[in-house]
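Enquirer: Can you read through this structure? Questions will come right after.
Numbering (the numbering used here), first residue to last: 355 to 607.
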């Protein structure tokens, strides 16, 4: 029981000792950039098909929103994995990551809207702004949208990570299997070398060659004797006692 508690404590300590965002790399940035490209373009094409007179400049705001939400989702997923792995299960970690990403994405979008989009005069659809009854309604709507996209991104990220880890584990198992097979082969070779004296084998092959030089029949008899000798020696185990071993056939010279 104490060993189980120590192992659990070690896992929790290992998770807590890692940095919040350690592991963030190119693949996470690629996911965010792909999200920023696919979603706004798909939305712009849909709006263009429904209403050709739609202002296409609004796609800039969608790209900014997708980048903020995607980055918040990736960072939240990495942080919960680094800090809560071994402490909570996968489902609670995902729920916490989605809520944190939605809250952070909403706050960042409010800040970006007030500090960047509106001062630069970037197009924001008036119909979308007019449908809000107030600031609280706007924040709740953005939180809901951010939570939806964060859930999709974090679920896809978890699936990709599980596949990547499974691939790495499979590669590790294959490398270990190859190493074990190599060790077995090396052991067999050493055992064969221990059972058959190289000098004796060389002299025997020389005797077979001399027998063939005398006549074909003598060479075949010598070769058959050598094959039987090697077969009998191969069946013997290294740990077998000497008194249990069968006598070796003499090879005619």
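All C-beta atoms, glycine included, are put in the ideal place defined by N, C-alpha and C.
As the structure is a prediction and not an experimental result, all values here were calculated from the model.
Measuring only the C-alpha atoms, how far is residue 438 from residue 539?
Expert: For this step, residue 438 is matched to residue 84 along the chain shown. For this step, residue 539 is matched to residue 185 along the chain shown. C-alpha separation (whole angstroms): 44 angstroms.
Enquirer: Looking at the unbroken alpha helix (DSSP H) that takes in residue 567, where does it start and where does it end?
Expert: Taking the first residue of the chain shown as position 1, residue 567 is located at position 213. Run containing residue 567: 552-568, per the alpha helix (DSSP H) assignment.
Enquirer: For the 8 angstroms Cβ check, are there 3 or more pairs between the segment 387-398 and the segment 516-527?
Expert: Output reads no: the segment 516-527 does not touch the segment 387-398.
Enquirer: Pull up the DSSP beta-bridge partners for residue 439, would you.
Expert: Here residue 439 refers to the residue found at position 85 of the chain shown. Answer by DSSP bridge pairing, in chain order: 442.
Enquirer: On the criterion of 16 or more Cβ atoms from any shown chain inside 10 Å, does residue 373 qualify as buried, or is it exposed?
Expert: Reading the chain shown from its first residue, position 19 is the one you call residue 373. By the 10 Å Cβ count, residue 373 comes out exposed.
Enquirer: Quick check on this structure: which residue in 453, 422, 401 has the alpha carbon closest to the alpha carbon of residue 434?
Expert: Mapped onto the chain shown, residue 434 falls at position 80. Per the Cα distances, 453.
Enquirer: Can you tell me which of the three DSSP states residue 384 falls into?
Expert: Against the chain shown, residue 384 aligns to sequence position 30. Residue 384: helix per DSSP, three-state reduction.
Enquirer: Do residue 458 and residue 426 come within 8 angstroms of each other at the CB atom, strictly closer than that value?
Expert: Position 72 of the chain shown, counted from the start, is the residue given in the question as residue 426. Position 104 of the chain shown, counted from the start, is the residue given in the question as residue 458. For residue 426 and residue 458, yes; Cβs fall inside 8 angstroms.
Enquirer: Return the Cβ separation of residue 497 and residue 456 in integer angstroms, given the expectation that the two are a contact with Cβ distance under 8 angstroms.
Expert: Indexing the chain shown from 1 puts residue 497 at position 143. Indexing the chain shown from 1 puts residue 456 at position 102. Going by Cβ atoms, the distance from residue 497 to residue 456 rounds to 5 angstroms, so yes, they are a contact pair.
Enquirer: Among 380, 416, 379, 386, which residue has its Cα nearest to the Cα of residue 397?
Expert: Looking up residue 397 in the chain shown gives position 43. Considering only alpha carbons, the answer is 416.
Enquirer: Candidates 421, 422, 428, 399: which alpha carbon is nearest residue 379's?
Expert: Looking up residue 379 in the chain shown gives position 25. That would be 428, whose Cα lies nearest to the Cα of residue 379.
Enquirer: Hey, residue 493 and residue 467: beta-carbon distance below 8 angstroms or not?
Expert: Here residue 493 corresponds to residue number 139 of the chain shown, with the count starting at 1. Here residue 467 corresponds to residue number 113 of the chain shown, with the count starting at 1. For residue 493 and residue 467, no; Cβs fall outside 8 angstroms.
Enquirer: Which whole runs of the alpha helix (DSSP H) in the segment 460-531 are 4 residues long or more, in chain order?
Expert: Here the runs fully enclosed are 480-484.
Enquirer: Note down the Cα distance separating residue 430 from residue 449, rounded to an integer number of angstroms.
Expert: As a first step, residue 430 must be located in the chain shown, where it is residue number 76. As a first step, residue 449 must be located in the chain shown, where it is residue number 95. Cα to Cα, the separation comes out at about 11 angstroms.
Enquirer: If we call anything under 8 angstroms between Cβ atoms a contact, is residue 462 one with residue 413?
Expert: The residue labelled residue 462 in the question sits at position 108 within the chain shown. The residue labelled residue 413 in the question sits at position 59 within the chain shown. In this structure, residue 413 does not lie closer than 8 angstroms to residue 462 by Cβ.
Enquirer: Quick one: what does DSSP say residue 379 is sitting in, helix, strand or coil?
Expert: Taking the chain shown and counting its residues from 1, one reaches residue 379 at position 25. Correct three-state label for residue 379: coil.
Enquirer: Beta-carbon within less than 6 angstroms of residue 500's beta-carbon, same chain only, minus the 5 sequence neighbours each way: which residues are those?
Expert: Residue 500 sits at position 146 when you count from the first residue of the chain shown. Closer than 6 angstroms at the Cβ level, and outside the excluded window around residue 500, lie 423, 456, 459, 460.
Enquirer: So what's residue 582 in DSSP terms, helix, strand or just coil?
Expert: As a working mapping, residue 582 is identified with position 228 in the chain shown. Of the three classes helix, strand and coil, the one that applies to residue 582 here is helix, per DSSP.
Enquirer: Spatial neighbours of residue 395 within its chain, please: CB distance less than 8 angstroms, with the 5 preceding and 5 following residues excluded, ordered by chain position.
Expert: Translated into positions along the chain shown, residue 395 becomes position 41. So the list reads 413, once near-sequence residues are dropped.
Enquirer: Taking Cβ positions, are residue 558 and residue 532 nearer each other than 8 angstroms?
Expert: Residue numbering aside, residue 558 sits at position 204 when the chain shown is read from its first letter. Residue numbering aside, residue 532 sits at position 178 when the chain shown is read from its first letter. No. Outside cutoff.
Enquirer: Excluding the 5 residues flanking residue 382 on each side, which residues of the same chain have their C-beta closer than 6 angstroms to its C-beta?
Expert: The residue you call residue 382 lines up with position 28 of the chain shown. Contacts found: 428.
Enquirer: Residues in its own chain within less than 6 angstroms of residue 573 by CB, not counting five upstream and five downstream?
Expert: For the purposes of this step, residue 573 is taken as the residue at position 219 of the chain shown. So the list reads 565, 566, once near-sequence residues are dropped.
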